[in-house]
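Protein chains: 2
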Amino acid sequence: MALSRDQVVATAVDLLRRYGLGDLTMRRLARELGVAPGALYWHVANKQELLVHVADALLSEIPPPPVGQPPAEALAGLSVGVRDALVQVPDAADVVGLAYAVRPGATRALRDLAGLVHDVGVPASERDEVAALVVHQILGSVAGQHNRRLAALADPDLPPPDAAAEAKAFEVGLAVILRGLVRSR
Amino acid sequence: MALSRDQVVATAVDLLRRYGLGDLTMRRLARELGVAPGALYWHVANKQELLVHVADALLSEIPPPPVGQPPAEALAGLSVGVRDALVQVPDAADVVGLAYAVRPGATRALRDLAGLVHDVGVPASERDEVAALVVHQILGSVAGQHNRRLAALADPDLPPPDAAAEAKAFEVGLAVILRGLVRSR
DNA sequence: ACCTGAACACCGTTCAAGT
DNA sequence: ACCTGAACACCGTTCAAGT
Chain A
598 MALSRDQVVA
608 TAVDLLRRYG
618 LGDLTMRRLA
628 RELGVAPGAL
638 YWHVANKQEL
648 LVHVADALLS
658 EIPPPPVGQP
668 PAEALAGLSV
678 GVRDALVQVP
688 DAADVVGLAY
698 AVRPGATRAL
708 RDLAGLVHDV
718 GVPASERDEV
728 AALVVHQILG
738 SVAGQHNRRL
748 AALADPDLPP
758 PDAAAEAKAF
768 EVGLAVILRG
778 LVRSR
Chain B
598 MALSRDQVVA
608 TAVDLLRRYG
618 LGDLTMRRLA
628 RELGVAPGAL
638 YWHVANKQEL
648 LVHVADALLS
658 EIPPPPVGQP
668 PAEALAGLSV
678 GVRDALVQVP
688 DAADVVGLAY
698 AVRPGATRAL
708 RDLAGLVHDV
718 GVPASERDEV
728 AALVVHQILG
738 SVAGQHNRRL
748 AALADPDLPP
758 PDAAAEAKAF
768 EVGLAVILRG
778 LVRSR
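This is the structure we're talking about:
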């Protein structure tokens, strides 16, 4: 039966997860799907658009924050959850960064995050900016860990990143942000 | 006379500044220098290494913070200065992000930043983490503005980013970080 | 409506051979 | 020491033509 766009996107996510952005090429994707490269352009305008759909797919798998939790705690928990999900996918920070810049509120996970920033007491005039700060810390941490992993592979003198230490570093930064927010209630 | 590595890097910076990472290819760079593509590999191991040198060149142009300023103020000023410098160069966030992940203290500007984080009273155990947070906010802001610019070019329905508003958003986030630091003195 | 085949204009990298 | 020429194994995208 005919190919669907969902099928194209799902296979793209799979390729990204397994081999990274360097191997997520239109030609490779077509091969994986058993079609000619040109066939993909019936389902997707171009590679950029495909990557936005891939970002949406990655973010849609993140569990929503549990209800009834204090907002600061929920914000921290969701931030860690988003980071945990993305850190497993090579180049996720690049892919999601693109999609976020264009449409910050397009996915539920990032809307939840903005909502919690509101709940924590940030005035409406600064809500988007603070949400962006949290997103930068998440994507920066993910990108940093991934870059260090690549660097260690390329140069055996460099130590590979320690996942626990990276997660800890992320939470230290997040705690600074949360302290900064409390004073603005 | 013979090509030098500095010459190769300087031309690469120029290409990045003028046309972005998409046009900073080894072949294009070789053409610009009037040599065969293979010639570049005498001066540089590969493209990755070239990009690290490019990042160093970009960061080395940033003015150091004036002495005698209160540390929190100097930290804010330097952060804004780094952002201002990078936001003018397409894809600077990607290029610098790579170099920073591998060698956070390799350039003076980023060492100054880490030093000011210390001066502001952050305990030694959290210095690197907080410096990374500030760097994430800088690079995230730069990447976000650039991604929005690209998106607006590709899709005329999207508004182009307003430079002043982007700068303001950055400073709001930075202020949150600084408030979070004050409590940890 | 959906896909193939073939082309166009590119990439990064290697390496024998030249000077 | 430094560079050329030529090759290898790729890219994203387009589009007439087929079913």
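Sequence lines, in order, name chains A and B.
Under our numbering, think of the first position of the first sequence as 598, with each following residue one higher.
Under our numbering, think of the first position of the second sequence as 598, with each following residue one higher.
Even for Gly, the Cβ is constructed at its ideal location relative to N, Cα and C.
Counting along the chain, no alpha helix (DSSP H) covers Ile659 (chain A), and no H or E run does either. A Cβ-Cβ distance of about 5 angstroms is found for the pair Arg680 (chain A) and Ile735 (chain A), placing them in contact under the 8 angstroms criterion. The contact set of Arg745 (chain B) on chain A, defined by CB atoms closer than 8 angstroms, consists of Ala698, Val699 in chain order.
Around the CB of Ala751 (chain A), fewer than 16 other CB atoms lie within 10 Å, so the residue is classed as exposed. The criterion of a C-beta distance shorter than 8 angstroms is satisfied by Val727 (chain A) and Val714 (chain A). Of B:Gln645, B:Trp639, B:Leu600, B:Glu723, the smallest CA-CA separation from Thr622 (chain B) is found for B:Gln645. A straight line joining the alpha-carbon of Gly770 (chain B) with that of Pro661 (chain A) spans about 24 angstroms.
Shown here, Gln685 (chain A) sits in coil according to DSSP, grouped into three states, outside any helix or strand.
Bounds of any alpha helix (DSSP H) do not take in Asp754 (chain A), whose DSSP letter is neither H nor E. Proximity of Val732 (chain A) to chain B, defined by a Cβ-Cβ separation below 8 angstroms, is satisfied. One thing to note: Pro756 (chain B) has its Cβ no nearer than 8 angstroms to the Cβ of Asp716 (chain B). Using a Cβ distance threshold of 8 angstroms, Ala703 (chain A) and Ala711 (chain A) do not count as a contacting pair.
Where Leu630 (chain A) is concerned, the enclosing alpha helix (DSSP H) starts and stops at 623 to 630. If you check the CB distance, Val664 (chain A) and Ala609 (chain A) do not come in under 8 angstroms. If you draw a straight line from the Cα of Ala654 (chain A) to the Cα of Val677 (chain A), it comes to about 18 angstroms. Along the region 713 to 741 of chain A, going in chain order, the ones with a CB nearer than 8 angstroms to a CB of chain B are Glu723, Asp725, Glu726, Val727, Ala729, Leu730, Val732, His733, Gln734, Leu736, Gly737, Ser738, Ala740, Gly741.
According to the DSSP assignment, Val605 (chain B) belongs to the alpha helix (DSSP H) that extends over 602 to 616.
For Pro634 (chain A), the secondary structure class from DSSP, reduced to helix, strand or coil, is helix.
Distances from the CA of Glu629 (chain B) to each of B:Leu648, B:Val606, B:Val641 were compared; the closest alpha carbon is that of B:Val606.
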